[in-house]
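Before any comments, here is the structure.
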Amino acid sequence: MTNLDALAQASLLRRLPSMKALLFFNVVGRHLNLVRAGEELHLTQGALSRQIKLLEQHLGVALFRRLARGLAFTQEGETLYAYSQQAFGTLDAGLRRLSLVAGRQTLVVSVARSFALRVLAGRLPRFVRAHPWVDLQIDTHRYFADLETSGADVSIRLTDSHFETGHRHRRLTDDISWLVASPAVARRMTARKKEGAPFRPVLLSNSERDDWSRWLAAGNRRVQPEEAALQFNDSATMLQAVEAGMGFCVARSALARDAVEAGTLVRVWKQEMRDGLCYRAISAARGKPALEPFLQWLDEEFPAGAHYHL
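If you count the sequence shown from 1, position 184 lands on 190 in the working numbering, and the numbers rise without skipping.
This is the structure:
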């Protein structure tokens with residue numbers, strides 16, 4: 007800091023009134039009434055009036071005009087009020103930011119990639135806006151994360167009803183499987199049916215799951231796949247290909263529901279299939295403070311599937 011800067015700051019400090027005086031002025035300016043301002047500050051009308059007079063003497067200007075009922079700003083008072091409001095607002099924002107930074111927590115969420123892309127990603131902004139002090143770390147993996155060794159605070163996975171003791175389990179979805187296609191493919195199938203022509207769509211499937219065989223075994227034989235089917239090892243990529251018009255697939259309702267509601271996928275028929283699996287959130291019985299609001303948020307986002315087990 008140069009000598010000139012130091013002199014300028016010293017001069018500013020001599021001119022500046024106390025923070026308390028400016029706060030009193032700000033409250034009086036907001037009410038333009040000494041009685042109501044005194045009630046907010048727990049001061050008598052006389053004591054507050056003396057504080058305002060001391061501030062006016064310090065600044066060398068009148069800040070208010072005394073009226074029969076209340077107060078009115080002078081031009082100088084109106085100018086000071088505008089700048090003091092801005093200054094207090096900036097200071098308040100800085101203090102809030104400081105407390106947020108000091109109190110931030112990181113929450114590690116391990117989640118199946120397909121669920122992260124098709125379901126969770128579009129909903130996360132609501133959690134972030136409601137809980138700005140939580141830093142989310144989303145880890146997408148194909149397999150269940152060991153909560154004891156992976157560093158994850160919560161794991162969202164497709165599981166059956168066999169629960170591991172010592173952990174909390176929240177059921178997020180009541181899963182069924184649908185046969186889905188893009189609207190264009192579904193229209194083409196309907197047109198071919200009206201013409202009496204055969205329609206044998208290309209079937210897209212998840213190479214790690216035998217959904218199509220189970221679909222046929224359940225008696226859903228109205229569609230027979232081409233032999234040259236397409237296989238993916240990831241359901242999110244498979245559904246994206248179906249949306250692009252590449253064929254049909256058997257899809258879990260949890261992963262396809264948003265797209266069906268948006269109209270980018272359609273259910274080909276009303277038939278459905280259950281396999282006893284659903285998406286669950288598994289977490290430690292006790293975790294860091296940031297875990298509880300995240301679990302509560304999951305309850306709000308997935309109320310239809312919410313069931314709890316310990």
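We put the CB at the ideal spot given by N, CA and C, even for glycine.
Using a Cβ-Cβ cut-off of 6 Å (strictly less than) and excluding sequence neighbours within five positions of residue i, which residues of its own chain qualify?
i: D145; result: S116
i: Q237; result: S211, S213
i: G95; result: none
i: A265; result: L271
i: V191; result: G251
i: L142; result: L113
With a 10 Å radius around its C-beta and 16 neighbouring C-beta atoms as the bar for buried, classify residue i as buried or exposed.
i: R258; result: buried
i: A260; result: buried
i: A53; result: exposed
i: E46; result: exposed
i: L22; result: exposed
i: R135; result: exposed
i: P207; result: buried
i: R163; result: buried
i: L153; result: buried
i: E306; result: exposed
i: L209; result: buried
i: A234; result: Any reading at A234 needs caution, since the residue's pLDDT is 48, under 50, leaving its predicted position unreliable; the model's value is listed next. So A234 counts as exposed.
i: R75; result: exposed
i: R174; result: buried
i: L97; result: exposed
With a threshold of 7 Å (Cβ to nearest heavy atom), would residue i be considered close to the ligand ADP?
i: Y87; result: Of ligands this structure carries none, so the ligand ADP is not represented either.
Give the straight-line distance between the Cα atoms of residue i and residue j, rounded to the nearest whole angstrom.
i: G100; j: L245; result: 45 Å
i: L3; j: S90; result: With the chain represented from 7 up to 316, any question about residue 3 goes unanswered, as that position is not in the structure.
i: L383; j: A93; result: In the structure as shown, the chain starts at 7 and stops at 316, and residue 383 therefore has no counterpart that could be examined.
i: Q57; j: P138; result: 39 Å
i: A247; j: G253; result: 8 Å
i: T78; j: F308; result: For clarity, residue 78 is Ala in the given sequence; the question names Thr instead. About 54 Å.
i: A88; j: H64; result: 19 Å
i: A268; j: P189; result: 11 Å
i: Y285; j: E249; result: 23 Å
i: Q277; j: G251; result: 21 Å
i: A242; j: R280; result: 19 Å
i: A223; j: K200; result: 27 Å
i: F300; j: E82; result: 50 Å
i: R110; j: L130; result: 17 Å
i: E84; j: M25; result: 18 Å
i: W221; j: G202; result: 25 Å
i: E62; j: N39; result: 17 Å
i: H48; j: L60; result: 19 Å
i: S156; j: G172; result: 16 Å
i: L86; j: K294; result: 46 Å
i: Q302; j: F30; result: 41 Å
i: R215; j: A118; result: 15 Å
i: S132; j: D180; result: Correcting the residue type first, residue 132 is Arg in the shown sequence and not Ser. So the alpha carbons of these two residues sit roughly 22 Å apart.
Looking only at its own chain, which residues have a Cβ that is under 7 Å from the Cβ of residue i, when we skip the five neighbours before and after it?
i: E50; result: Just to set this straight, residue 50 is Thr in the shown sequence, not Glu. G44.
i: L297; result: L113, D159, V160, S289
i: L304; result: R176, L178, A287
i: D217; result: S183, S211, V256
i: L28; result: S90
i: D166; result: G282, L283
i: A122; result: I144, T146
i: S120; result: D240, S241, A242, L261
Spatial neighbours of residue i within its chain, please: C-beta separation below 8 Å, excluding the five flanking residues on both sides.
i: A262; result: R124, W184, V186, L245, L271
i: V41; result: Q51
i: P204; result: R198
i: S55; result: L40
Is any beta-carbon of chain D found at less than 8 Å from that of residue i?
i: R56; result: Although the question refers to chain D, the structure presented lacks it and comprises just one protein chain.
Report yes or no: do the stretch 182-197 and the stretch 114-130 share at least 3 C-beta pairs separated by less than 8 Å? No, because fewer than three Cβ pairs between the stretch 182-197 and the stretch 114-130 fall closer than 8 Å, the two stretches do not touch.
Inter-stretch contact at 8 Å, needing at least 3 Cβ pairs: the stretch 196-203 / the stretch 287-297: no
Within the stretch 148-225, ranges of the beta strand (DSSP E) (whole runs, at least 3 residues): 160-165, 173-177, 183-187, 209-212
Assess, as a yes-or-no matter, whether the stretch 51-69 is touched by the stretch 20-40 under the definition of 3 or more beta carbon pairs within less than 8 Å. yes
Identify every run of the beta strand (DSSP E) within the stretch 230-277, keeping only runs that are complete inside it and at least 3 residues long; order them along the chain. 236-238, 254-258
In chain order, each alpha helix (DSSP H) run of at least 4 residues that lies wholly inside the stretch 83-142: 130-136
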